[in-house]
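Numbering (the UniProt record's numbering), first residue to last: 1 to 285.
Backbone N, C-alpha and C fix where the C-beta goes; we use that ideal spot for every residue, glycine too.
Read the structure below first, then the notes.
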């Protein structure tokens, strides 16, 4: 492959549109196929919401920002939000009645996983599932929500356990990248944050990506799974969330009322072919 062709690769990679032109612009057109994109943030920041939306949007044809494919959604904690997914599916079917079937959930395959070893086994099953090609639409998106939950209590902080954990990181990411490249998939994983205690510059003293520090809900945070996992992904998006108190006038009330308003911000922390970008966003029906 010539150097000229290599330069064209980021532009020719298929993208899955988020559904918001501004956020798509931050990502250079959307979630890239053939790679792993990580969404990281605290609980309630919008990670799962975006993942659910992507599974529905993936069914749209490429001409409408989709991938013309089905999705595999692996969830690792709590119960899967079927009601919210059904709501999104119904809304998208109403907007694209000729492009998304009446029951869009039939093209989303959901599976629960409880530990890292089980995930490795399930990823092997997924490859066989994709290869058989019995789905109405080819699988084009894999979501893991969340990767951090699989490692929360399984490994200790001993050198031997940390080594085993890092090996598991590379095993999982290598399998995901292999699937992404072999079948042209988009892979999205979510990650969590923990309170930060340490040096003032960078994450654990090491700056990763475009941000000096990560702040959400009025506190500084670092990313779960640490530096070893950061080398396993291709792109990272940080969702920050901040609560703001505002005064609201209520009709016929003698005084104003104080309400809380949530502000969410989308930060592109790093990507191999993109500069830093950020935008505020809201979650609506």
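For the pair residue 14 and residue 235, the Cα-to-Cα distance works out to about 15 Å.
Taking residue 143 as reference, the option from 271, 260, 109 and 103 with the minimal CA-CA separation is 109. Secondary-structure assignment with DSSP links residue 186 through a beta bridge to 35 and 141. In the three-state DSSP reduction, residue 92 falls in the helix class (H, G or I). Using a Cβ distance threshold of 7 Å, residue 230 and residue 148 do not count as a contacting pair.
Beta-bridge analysis with DSSP links residue 259 to 246. Distance check between residue 183 and each of 39, 60, 130 and 214 places 130 closest, using alpha-carbon atoms only.
In chain order, 59, 92 and 93 place their CB closer than 6 Å to the CB of residue 100, counting only its own chain and leaving out the 5 sequence neighbours on each side.
Around the beta carbon of residue 276, fewer than 16 other beta carbons sit within 10 angstroms, so the residue counts as exposed. Exclusion of the five residues before and after residue 102 leaves 93 as the residues of its chain whose Cβ lies within less than 7 Å of its Cβ. DSSP places residue 74 inside the beta strand (DSSP E), whose first and last residues are 70-75.
Counting of Cβ neighbours within 10 angstroms places residue 97 among the exposed residues, the total staying below 16. One alpha carbon belongs to residue 82, the other to residue 47, and they sit about 15 Å apart.
Under the three-state reduction of DSSP output, residue 216 falls in the strand class. Counting C-beta pairs with one atom in each stretch, the stretch 237-245 and the stretch 258-268 have three or more that are closer than 8 Å, which means they touch. Note: residue 195 is bridge-paired with 221 in the DSSP secondary-structure output. Annotation for residue 111: the continuous beta strand (DSSP E) segment containing it runs 108-112. Counting every other CB atom within 10 Å of its CB across the protein chains shown gives residue 227 a total below 16, marking it as exposed.
For residue 116, the enclosing alpha helix (DSSP H) has its first and last residue at 116-132.
Rounded to whole angstroms, the gap between the alpha carbons of residue 246 and residue 217 is 16 Å. As computed with DSSP, residue 266 is found in a beta bridge with 239 and 279.
For the pair residue 55 and residue 113, the CB atoms are not nearer than the 7 Å cut-off. In this structure, DSSP gives residue 162 a helical state, which the three-state scheme calls helix. In the structure shown, residue 44 adopts coil according to DSSP, grouped into three states. Between residue 27 and residue 69, the C-beta gap is not smaller than 7 Å, which leaves the two residues out of contact.
Following the DSSP letters along the chain, one finds residue 25 inside the alpha helix (DSSP H) bounded by residues 21-26.
Under the three-state reduction of DSSP output, residue 15 falls in the strand class. DSSP places residue 232 in the coil class of the three-state scheme, outside both helix and strand. Rounded to the nearest whole angstrom, the C-alpha separation of residue 197 and residue 115 is 27 Å. Between the beta-carbon of residue 33 and that of residue 185 there is about 6 Å, and that keeps the pair under the 8 Å contact cut.
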